[in-house]
Amino acid sequence: MNLINQSKGEASVVSNLEFYLCPDVRKIIKKIPDDFKLILEEIRLRVNKPLMVFGGQKDYFVDLNGNLTLTPNNSYYINRENIEKTLQFASDYSIYSVEDELKNGYITIQGGHRIGIVGKVLMDSKGIRTLKNFSGLNIRISREKLGVAATVLPHIITSNGEFLNTLIVSPPQCGKTTLLRDIIRMISQGVPHMNFRGIKVGVVDERSEIGACFQGVPQNDLGPRTDILDSCPKAEGMMMLIRAMSPQVIATDEIGREEDSISIEEAMMAGIKLITTVHGRSLENILNKKIVGKLVKDGVFERIVFLSNSNGVGTVDSIVDGFNLTYLYQNTKQNRLCI
Numbered sequence: 155m156n157l158i159n160q161s162k163g164e165a166s167v168v169s170n171l172e173f174y175l176c177p178d179v180r181k182i183i184k185k186i187p188d189d190f191k192l193i194l195e196e197i198r199l200r201v202n203k204p205l206m207v208f209g210g211q212k213d214y215f216v217d218l219n220g221n222l223t224l225t226p227n228n229s230y231y232i233n234r235e236n237i238e239k240t241l242q243f244a245s246d247y248s249i250y251s252v253e254d255e256l257k258n259g260y261i262t263i264q265g266g267h268r269i270g271i272v273g274k275v276l277m278d279s280k281g282i283r284t285l286k287n288f289s290g291l292n293i294r295i296s297r298e299k300l301g302v303a304a305t306v307l308p309h310i311i312t313s314n315g316e317f318l319n320t321l322i323v324s325p326p327q328c329g330k331t332t333l334l335r336d337i338i339r340m341i342s343q344g345v346p347h348m349n350f351r352g353i354k355v356g357v358v359d360e361r362s363e364i365g366a367c368f369q370g371v372p373q374n375d376l377g378p379r380t381d382i383l384d385s386c387p388k389a390e391g392m393m394m395l396i397r398a399m400s401p402q403v404i405a406t407d408e409i410g411r412e413e414d415s416i417s418i419e420e421a422m423m424a425g426i427k428l429i430t431t432v433h434g435r436s437l438e439n440i441l442n443k444k445i446v447g448k449l450v451k452d453g454v455f456e457r458i459v460f461l462s463n464s465n466g467v468g469t470v471d472s473i474v475d476g477f478n479l480t481y482l483y484q485n486t487k488q489n490r491l492c493i
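Here the sequence shown is numbered in the numbering used here, starting from 155 and rising by one per residue.
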């Protein structure tokens, strides 16, 4: 299985995003090759630094004509006005209206695209209040990849239609949130060929990466039976869903805190299934993590799916039985799954 092989994203995704860029950068991005737009993941703007783009596991400098180069010679250099104008467009000319998001270091725009922001941090007695003097933007392009979970589902849904508690493990940018999102969509929608009826899914999207909500509405398809809490801490959100929305499955991204563990145990006691993710590279690696390691050793997760980019983003390296920690599947040249 390989996530990157099954993207519904097209160059038009980038065209829709260009509206939010300042005029100078917009003109340049319009000129980059269409085939690169298909795999474009990030546009990087840093004050007094060259314009850069990232895609296909490589980053490039960009010149005035949209040419991609490996050296900054003749690159377009970003100025502070480029960044300020881009943020004006992204916030609909009201930075004040996105202050709650700013203190988290990003804002989400229509289409689910996320703009990461750095600059001077302003603190108060409660912690980070906001940012000012913006010095850099990372525009991360949101692309749904529908159907990528299809070859994983037989490993996490039993023959009698029971969904198994699942942990997805991978290093950064190897597809774990993409896989999580599509699993949510498919189990919410139902999988007729597996005789699996759709079930109610509650999503706690602390960093707005799963649903990519814009004004509270998911920009990604999470299925018809899915309810989402956007920008909500995982532990509190899980308890809110348990009390109010009667989910059959709760989905979150990147667990690791003590309070996450407590809420997971509460969900288990209520008979609710769980699917979540964690940064990691191997079974040994996650067993050494204090919180996640204990959950794994206690048998909370019935299936553990390991991803990497060894055969492209989204390569399934292995699937582990969470009860006895034995391998149900291991990636070899002769036996390779790609999502």
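We treat Cβ as the ideally placed atom computed from N, Cα and C, and that holds for glycine. Every value quoted in this text rests on a predicted model; they were computed, and no experiment measured them.
Residue i: buried (16+ other C-beta within 10 angstroms of its C-beta) or exposed?
| i | result |
| --- | --- |
| residue 278 | exposed |
| residue 452 | exposed |
| residue 400 | exposed |
| residue 216 | buried |
| residue 347 | exposed |
| residue 319 | buried |
| residue 159 | Since pLDDT at residue 159 reaches only 48, below the 50 mark, its modelled position is unreliable, and the value read off the structure follows with that caveat. Counting Cβ neighbours within 10 Å, residue 159 comes out exposed, since fewer than 16 surround it. |
| residue 252 | buried |
| residue 481 | exposed |
| residue 201 | buried |
| residue 245 | buried |
| residue 372 | buried |
| residue 380 | buried |
| residue 477 | exposed |
| residue 316 | exposed |
| residue 137 | With the chain covering only 155 through 493, there is no way to say anything about residue 137. |
| residue 340 | buried |
| residue 412 | exposed |
| residue 214 | buried |
| residue 479 | exposed |
| residue 366 | buried |
| residue 370 | exposed |
| residue 155 | Because residue 155 sits at a pLDDT of 49, beneath the cut-off of 50, its placement in the model cannot be relied upon, and the point is left open. |
| residue 488 | For residue 488, the predicted structure reports a pLDDT of 43, less than 50, and the residue's modelled location is therefore unreliable. A value from the coordinates is still provided. Counting Cβ neighbours within 10 Å, residue 488 comes out exposed, since fewer than 16 surround it. |
| residue 194 | buried |
| residue 321 | buried |
Compare the beta carbon distance of residue i and residue j with 8 Å and say whether it is the shorter of the two.
| i | j | result |
| --- | --- | --- |
| residue 362 | residue 342 | no |
| residue 344 | residue 350 | yes |
| residue 475 | residue 485 | no |
| residue 432 | residue 410 | yes |
| residue 377 | residue 352 | yes |
| residue 374 | residue 266 | yes |
| residue 198 | residue 208 | yes |
| residue 284 | residue 256 | yes |
| residue 459 | residue 306 | yes |
| residue 297 | residue 167 | yes |
| residue 388 | residue 420 | no |
| residue 415 | residue 449 | yes |
| residue 96 | residue 406 | The first residue shown for the chain is 155 and the last is 493, placing residue 96 beyond what the model contains. |
| residue 383 | residue 394 | yes |
| residue 269 | residue 275 | no |
| residue 426 | residue 473 | no |
| residue 331 | residue 364 | yes |
| residue 292 | residue 196 | yes |
Could you give the C-beta distance for residue i and residue j, rounded to a whole number, given that I count them as a contact under 8 Å?
| i | j | result |
| --- | --- | --- |
| residue 231 | residue 185 | Not really, about 17 Å apart at Cβ, beyond 8 Å. |
| residue 324 | residue 192 | At roughly 23 Å, the Cβ-Cβ gap does not stay under 8 Å, so residue 324 and residue 192 are not in contact. |
| residue 249 | residue 259 | Between residue 259 and residue 249 the Cβ distance is about 14 Å, and since that is not below 8 Å, they are no contact. |
| residue 295 | residue 171 | 6 Å |
| residue 174 | residue 263 | 6 Å |
| residue 404 | residue 358 | 7 Å |
| residue 205 | residue 229 | 6 Å |
Using the DSSP secondary-structure output, state which residues sit across from residue i in a beta bridge.
| i | result |
| --- | --- |
| residue 206 | 198 and 215 |
| residue 277 | 282 |
| residue 359 | 384 |
| residue 292 | 198 and 270 |
| residue 457 | 320 and 475 |
| residue 303 | The partner list for residue 303 (beta bridge, DSSP) is empty, contrary to what the question assumes. |
| residue 466 | 464 |
| residue 229 | 217 |
| residue 261 | 269 |
| residue 483 | 473 |
| residue 433 | 324 |
Less than 7 Å separating the Cβ of residue i from some heavy atom of the ligand FAD?
| i | result |
| --- | --- |
| residue 486 | The ligand FAD is not part of the structure shown, which contains no ligands of any sort. |
Are the segment 282–298 and the segment 233–250 touching, with three or more C-beta to C-beta distances below 8 Å? yes
Between the segment 177–192 and the segment 217–224, are three or more C-beta pairs nearer than 8 Å? yes
Does the segment 390–409 come close enough to the segment 295–304 that 3 or more CB-CB pairs lie under 8 Å? no
Segment contact, 8 Å Cβ cut-off, at least three pairs: the segment 440–454 with the segment 331–338: no
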